[in-house]
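Structure record follows, encoded as structure tokens.
Residue numbers (the numbering used here): 431 to 815.
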């Protein structure tokens, strides 16, 4: 009986403290992705000899544990999130190393580990954990100058970038580095460091262009329009054909020509069948999550919470921007999923954990107050007495 009351109290406290706007936005995206999978995935399944709703069923299969993971993670305290992130980051890095030697090779890249009937992409789980751990390191450095948090974060970034480049995965490398740079800036990065790191980033992109032929090919095709631009051209054609209100559910024709219509180019399928209005509404939801996240983050008094929320919504927002920009032919193809919308078990579960972290850190509770603030409040209260 006591356990039942405790459980009821925990759920009641969760419901009263959760940011319901965030919760609603995440659930809308998750359920919307399920609905949109009916439009995007059947042509791909038929093309490779599978039954039409193969990817729809698997999307639904991944959706249930993803919602469960998001809700379970949202119950954690900031300390619990740090501990979970350290464990998840360590596990992801080990699996990323293992993928280089024992992983599945797809289109010349080794990013996946086979686990029975499932395929895991460890780098997806690395991203939210990396953001939280770096936020913690920066927060500790600002609290105690004798702790080399900045140095540890730079070493951690170097390790992550080295593993991503070895796969190779330039898109995830750029995304992870950009989010880390934003966190470092939020933590009080001097302008000299900004110039130096910006120069290193530019040199890294130039080096990737020189070293990796597929990177050079994508940049050349984007800049000149020459070569194999079938996917991006077809995606743009699908968007134009959809017009303002789309051709209607299941009426898309151009989508049947897209090999990756259920993953990288799901946004184009939405445009063709549901119209530009639907794409604008979807974009508005992503923008709402980022803008609200930044507003909530800046109101936090705890440095770790502020940095972690900022980094997580940056990760969510930048990944969305990259995917949509590729669909609109505003940047070279990156092979990056649209959070909660594109098909992909590892991506959906990892983004759900990211959403759970955001929900947990933005809850209205006393442990959002920093230890320094608590000590100051106690001191002032003692003086008043």
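In this text, a Cβ means the ideal position worked out from N, Cα and C, and glycines have one as well.
All values derive from a computational prediction rather than experimental measurement.
Here's the rule I'm using: 16 or more other beta-carbon atoms within 10 Å means buried, otherwise exposed. How should residue 524 be labelled? Residue 524 sits at position 94 when you count from the first residue of the chain shown. Residue 524 counts as exposed, since fewer than 16 other C-beta atoms from the protein chains shown sit within 10 angstroms of its C-beta.
Residue 669 and residue 701 closer than 7 Å at C-beta: As a working mapping, residue 669 is identified with position 239 in the chain shown. As a working mapping, residue 701 is identified with position 271 in the chain shown. Yes, the Cβ-Cβ distance between residue 669 and residue 701 is below 7 Å.
To which residues does DSSP link residue 545 through a beta bridge? One-based indexing of the chain shown puts residue 545 at position 115. Bridge partners of residue 545: 548.
Along the chain, where does the beta strand (DSSP E) that runs through residue 534 open and close? Your numbering for residue 534 matches position 104 in the chain shown. Unbroken beta strand (DSSP E) run through residue 534: 534-536.
Which whole-angstrom value is the C-beta distance of residue 556 and residue 609, which I expect to be below 8 Å? If you number the chain shown from 1, residue 556 lands on position 126. If you number the chain shown from 1, residue 609 lands on position 179. About 12 Å separates the two Cβ atoms, so there is no contact after all.
Just to confirm, is the Cβ distance from residue 519 to residue 454 under 7 Å? Translated into the one-based positions of the chain shown, residue 519 becomes position 89. Translated into the one-based positions of the chain shown, residue 454 becomes position 24. It is not a contact, given that the beta carbons lie outside the stated cut-off.
Complete alpha helix (DSSP H) runs within the region 604-678 (minimum length 4 residues, chain order): 621-641, 643-654 and 660-672
According to DSSP, simplified to helix, strand and coil, what is residue 540? The residue given as residue 540 occupies position 110 in the chain shown. Strand, per DSSP.
Rank 485, 515 and 565 by C-alpha distance to the C-alpha of residue 727 and give the top, closest one. Locating residue 727 in the chain shown gives position 297, counting from the first residue. The shortest C-alpha separation from residue 727 is found at 565.
Taking the runs of the beta strand (DSSP E) that are 3 residues or longer, which of them lie wholly in the region 484-527? none
Taking all protein chains shown into account, do 16 or more other C-beta atoms lie within 10 angstroms of the C-beta of residue 599, making it buried, or fewer, making it exposed? Position 169 of the chain shown, counted from the start, is the residue given in the question as residue 599. Classification of residue 599: buried, given that the 10 Å Cβ count is 16 or more.
Is it true that the region 782-794 meets the region 732-739, where meeting means three or more beta-carbon pairs spaced less than 8 Å apart? yes
Would you call the CB atoms of residue 763 and residue 554 closer than 7 Å? Along the chain shown, read from residue 1 onward, the residue named residue 763 stands at position 333. Along the chain shown, read from residue 1 onward, the residue named residue 554 stands at position 124. No; because the gap between Cβ atoms is not below 7 Å, this pair is not in contact.
Select from 474, 459 and 679 the residue whose C-alpha is nearest the C-alpha of residue 687. Residue 687 sits at position 257 when you count from the first residue of the chain shown. Checked all of 474, 459 and 679; the closest Cα to residue 687 is 474.
With a threshold of 7 Å between beta carbons, is residue 446 in contact with chain B? Checking the listed chains, one finds no chain B in this structure; it contains a single protein chain.
Over what stretch of residues does the alpha helix (DSSP H) that includes residue 697 continue unbroken? By 1-based counting over the chain shown, the position of residue 697 is 267. Looking at the DSSP string, the run of the alpha helix (DSSP H) that includes residue 697 is 696-728.
I need the straight-line Cα distance from residue 597 to residue 569, nearest angstrom please. Residue mapping note: residue 597 aligns to position 167 of the chain shown, counting from 1. Residue mapping note: residue 569 aligns to position 139 of the chain shown, counting from 1. Each residue's CA atom was taken as its position, placing residue 597 and residue 569 some 31 Å apart.
Would you report the Cα separation of residue 641 and residue 634, rounded to the nearest angstrom? What you label residue 641 is simply residue 211 of the chain shown in a count that begins at 1. What you label residue 634 is simply residue 204 of the chain shown in a count that begins at 1. Distance between the alpha carbons of residue 641 and residue 634: 10 Å.
Sequence-distant residues of its chain with Cβ nearer than 6 Å to residue 811 (five each side left out): For the purposes of this step, residue 811 is taken as residue 381 along the chain shown, with counting starting at 1. With a pLDDT of 46 at residue 811, under the threshold of 50, the modelled position of this residue cannot be trusted, and the question is left open.
Just verifying my parser: in three-state terms, what is the DSSP assignment at residue 554? As a first step, residue 554 must be located in the chain shown, where it is residue number 124. The answer is helix: DSSP assigns residue 554 an H, G or I state.
With a threshold of 8 Å, are at least 3 pairs of Cβ atoms found where one atom belongs to the region 459-474 and the other to the region 744-758? no
Tell whether a beta-carbon distance below 7 Å holds between residue 648 and residue 659. Counting from one through the chain shown, the residue named residue 648 turns up at place 218. Counting from one through the chain shown, the residue named residue 659 turns up at place 229. Cβ distance not < 7 Å, so residue 648 and residue 659 don't count as in contact.
Please list, in chain order, all residues of the same chain as residue 814 whose beta carbon is under 8 Å from its beta carbon, the five residues on each side excluded. As a position in the chain shown, residue 814 is number 384, starting the count at 1. Because the pLDDT of residue 814 is 49, which lies under 50, any placement of that residue in the model is unreliable, and the number read from its coordinates should be weighed accordingly. Nothing meets the Cβ criterion.
Can you tell me the Cα-Cα spacing of residue 509 and residue 614, whole angstroms? Working through the chain shown from its first residue, we reach residue 509 at position 79. Working through the chain shown from its first residue, we reach residue 614 at position 184. Those two C-alpha atoms are separated by around 21 Å.
Confirm, please, whether the CB-CB distance from residue 742 to residue 787 is below 7 Å. Residue numbering aside, residue 787 sits at position 357 when the chain shown is read from its first letter. Residue numbering aside, residue 742 sits at position 312 when the chain shown is read from its first letter. Contact check for residue 787 against residue 742 passes: the beta carbons are separated by less than 7 Å.
Where does residue 737 fall in DSSP's three states? Counting from 1 along the chain shown, the entry for residue 737 is found at position 307. Here residue 737 sits in helix by DSSP.
Residue from 757, 588, 503 and 708 whose Cα sits closest to the Cα of residue 444: Position 14 of the chain shown, counted from the start, is the residue given in the question as residue 444. Comparing alpha-carbon positions, the option among 757, 588, 503 and 708 lying closest to residue 444 turns out to be 503.
For residue 776, which of 448, 496, 482 and 487 has the nearest alpha-carbon? Indexing the chain shown from 1 puts residue 776 at position 346. Of 448, 496, 482 and 487, the residue nearest in Cα terms is 496.
According to DSSP, is residue 787 part of a helix, a strand, or is it coil? Counted from its first residue, the chain shown places residue 787 at position 357. Note: residue 787 maps to helix in three-state DSSP.
Going along the chain, which residues of its own chain have a beta-carbon closer than 7 Å to the beta-carbon of residue 804, five neighbours each way excluded? Start at 1 with the first residue of the chain shown, and residue 804 comes out as number 374. Annotation note: pLDDT 45 at residue 804 (below 50); position unreliable, coordinate value reported separately. Excluding sequence neighbours, residue 804 sits near nothing in its chain.
Might you give, ordered along the chain, the residues of its own chain that have their beta carbon closer than 8 Å to the beta carbon of residue 748, omitting 5 neighbours on each side? For the purposes of this step, residue 748 is identified with residue 318 of the chain shown, where counting begins at 1. Closer than 8 Å at Cβ, skipping near neighbours: 605, 608 and 609.
Tell me the DSSP secondary structure of residue 476 in three-state form. Start at 1 with the first residue of the chain shown, and residue 476 comes out as number 46. Note: residue 476 maps to helix in three-state DSSP.
Measure how close the beta-carbons of residue 563 and residue 516 come, nearest whole angstrom, since I'm counting them as under 8 Å. Residue 563 sits at position 133 when you count from the first residue of the chain shown. Residue 516 sits at position 86 when you count from the first residue of the chain shown. Confirmed, about 6 Å.
Look up residue 597 in the DSSP assignment and say whether it is helix, strand or coil. Along the chain shown, one-based indexing puts residue 597 at 167. Residue 597 carries a coil assignment under DSSP once its states are collapsed to helix, strand and coil.
Buried or exposed (CB count within 10 angstroms, at least 16 for buried), residue 674: Counting from one through the chain shown, the residue named residue 674 turns up at place 244. Result: exposed.
Relative to the C-alpha of residue 676, which candidate in 522, 699 and 441 has its C-alpha closest? Looking up residue 676 in the chain shown gives position 246. Residue 699 is the option with its Cα nearest to residue 676.
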